[in-house]
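In the working numbering, the protein residues as written are 2 to 234.
Don't be surprised by glycine CBs; every beta carbon is placed ideally from N, CA and C.
Source: prediction; values computed, not measured.
Working notes, beginning with the structure itself.
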């Protein structure tokens, strides 16, 4: 793995494969496949996450529906043309498959990146504070991944004052969230959004406790009380 980019973007997931692996694309003769993985939260709820994996990693594996997968990788973004429009897509890009979970937390992510849009701060009808943040995470070869994140409570209050271009470090989990998109007066389509639910947030220079300078070690992070309450409203 690239040691520099691994410090910026590290993911661990452990879950159940819920879709067949389908061919996605090829790079320098190496094929990549996409599948969906159900990752349980500690609360018992689950997130169905998109996963991209190289044929090199799966050629000796029996990764069928229902099989368990434990993977270390990165959360990446790419643009895909859908109905003539470019759409930002997100996926867990697997760098390594491991035997058995290394942590009782099946879903953890550590990122460092740059705020690339003014954070959007809001409150729910029950006066819970939320902030949406889009961060650019540097990758090698002058590329970046654009990762939507959501902060709650105290972290949301911190996030609302962030400036575009400011570097931050975050830790949390990747979550899926369904929402309704109105296509016409008669038609509503159920869509799925993916984002990082933040449990720890700091300016990069104050993030020594995020383990950014050492090998990836999945942390024990569960959803916050604000997180659970938001989805019950």
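Query, Result
"So residue 174 and residue 141 are supposed to be a Cβ contact under 8 Å. How far apart are they, rounded?", "Actually they do not touch by this definition, with Cβ atoms about 25 Å apart."
"When we look at the beta-carbon of residue 196 and count the other beta-carbons within 10 Å, is it buried (16 or more) or exposed?", "buried"
"To the nearest angstrom, how far is the alpha carbon of residue 98 from that of residue 72?", "5 Å"
"Using a Cβ-Cβ cutoff of less than 7 Å, which residues in the same chain neighbour residue 14 once the five nearest sequence positions on both sides are dropped?", "38, 40, 50, 72, 93, 107, 108"
"Please name the residue, chosen from 177, 129, 17, 164, that lies closest to residue 101 on a Cα-to-Cα basis.", "17"
"Measuring CA to CA, which of 163, 112, 159, 157 is closest to residue 145?", "112"
"Please list, in chain order, all residues of the same chain as residue 90 whose beta carbon is under 6 Å from its beta carbon, the five residues on each side excluded.", "79, 81"
"Residue 59 by DSSP, collapsed to three states: which one?", "helix"
"Count the other CB atoms within 10 Å of the CB of residue 87; is the residue buried (16 or more) or exposed (fewer)?", "exposed"
"For residue 33 and residue 23, I'd like the C-alpha separation in whole angstroms.", "9 Å"
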